[in-house]
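Input: a single structure, listed below in structure tokens.
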Amino acid sequence: MKILVTGGAGFIGSHVVDAYLEAGHQVVVVDDLSTGKKENLNPKAKFHQMDILDDKLQHLLQDEHIEVVNHHAAQIKVKASLEDPYFDVKVNVLGSVLLLDLCRRAGVKKFIYASSGGAQYGEMEKSPFPETHPSRPFSVYGASKVSVELYVDVFAQNFGLEYVLLRYANVYGPRQDALGEGGVVAIFTHGMLHNGDFVIFGDGYNVRDYVYVKDVARANLLALDYAHNDVFNIGTGAGTTTNQLFETLAKATGYSQPPRRTVPRLGDLKKSVLDCAKAKKLLKWEPQYDLASGLKETIDYYNKRL
Ligand SMILES: NC(=O)c1ccc[n+]([C@@H]2O[C@H](COP(=O)([O-])OP(=O)(O)OC[C@H]3O[C@@H](n4cnc5c(N)ncnc54)[C@H](O)[C@@H]3O)[C@@H](O)[C@H]2O)c1
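Here the sequence shown is numbered in this note's numbering, starting from 2 and rising by one per residue.
Right under this line is the structure:
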């Protein structure tokens, strides 16, 4: 298949590109390198440095005869989405809807969308949450993710675009940005190996479902051949507190300083764990990495970059 991966120079998108190429597909990447990096790019993929809002994207989809669009390009910062909602909505909602419209015009068959489980369901009293749980996003970023899912379905109903929506838990692994707002595993691992000091926001009892990026890439591979329009949670179903994560990584990297603690961050949830039984049953996907094996590969990656 010929597949366009938007955001293919980013953390998750670049692993999806690797998995597609390894399975023998042809891959075209569109990325504006706003947070993505050239070094993440697989040299076997054809790369276009381009904003998804650029008019030239339509010609690219047509000229390259793209059959599947896998959409990972996004503004991903939760706090930033509350501070500058216009930018989040412009990239995440408008950019996605325009991309869907281009898919329709270029005759693209299928759309795979990187959605979010944590940002989607909001605060979780009782967890893990299945896909049927009502959406109640707590941030502009989360609301953007939910609304794009609705637009994808609108394009399916009206124009026959096939789709798979993948709602990720907290993804971690090699190539995640260790200096930004997001990936706590990357921030802790990189910082501990550099003997830095840390701030934990809130009491550290926030619970998250950490899923390894190679498992997420495999879900994107299975989504190519999944024949129905559907939505799947992609996580592990296991909850880990920030304090537990800190202690596990400190032990594995030999780091001995205690973290500093400060007030919770804007938009942060207390608990977010996904029920992934549906992906197991229908998509035939389940995580192959537990937290220990995923963290080991992640630490090895940051160690090699020291
Ligand atoms: N990291 C997670 O835990 C997580 C969880 C749920 C969902 N997601 C979703 O997965 C996707 C990838 O996230 P990530 O963690 O790899 O982030 P990332 O920032 O590494 O990747 C995003 C990529 O999109 C590119 N990009 C951003 N705006 C663009 C634009 N206007 N035009 C073209 N390219 C643009 C960036 O340069 C980057 O390469 C996002 O859609 C995100 O919402 C991530």
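For glycine and all other residues, C-beta sits at the position ideal for the given N, C-alpha and C.
On a predicted model such as this, the values are computed, not experimentally measured, just so you know.
Measuring alpha carbon to alpha carbon, tell me which residue in the options is nearest residue i.
i	options	result
G236	L292, N304, I53	L292
R106	Y290, E68, A75, F88	E68
V109	Y142, N93, H66	H66
V31	E23, L54, G25	L54
S15	K45, M2, K3	K45
S97	L275, L222, G295, T7	T7
L5	T263, L100, M193	L100
D269	A220, K78, D19	K78
A81	A251, H60, N93, H73	N93
R261	T254, F189, K279, L296	F189
K305	L283, A75, D154, P175	P175
D33	Q158, K57, A179	K57
What's the call for residue i, buried or exposed, on a 16-neighbour Cβ count within 10 Å?
i	result
Q258	exposed
G161	exposed
V264	exposed
N196	exposed
A24	exposed
T254	buried
L166	buried
E124	exposed
E84	exposed
D19	buried
Can you determine whether any heavy atom of ligand 1 sits closer than 8 Å to the C-beta of residue i, and answer yes or no?
i	result
L54	yes
L34	yes
F12	yes
G203	no
I77	yes
K111	no
H72	yes
K57	no
Y169	yes
D85	no
T7	yes
A115	yes
G118	yes
Q177	yes
Look up residue i in the DSSP assignment and say whether it is helix, strand or coil.
i	result
T36	coil
F247	helix
D231	strand
K146	helix
H16	helix
S97	helix
E298	helix
H191	helix
E124	coil
K310	Residue 310 falls outside the range modelled here, since the chain spans only 2 to 307, and no answer is possible.
K110	coil
V155	helix
Y256	coil
Using 8 Å for Cβ pairs, my map puts residue i next to residue j. What's the rounded Cβ distance?
i	j	result
S128	G240	7 Å
G205	N244	4 Å
Y213	P288	7 Å
K47	A10	Not confirmed; about 12 Å, so no contact.
V172	V217	5 Å
H72	I13	H72 to I13, Cβ: 11 Å. No contact.
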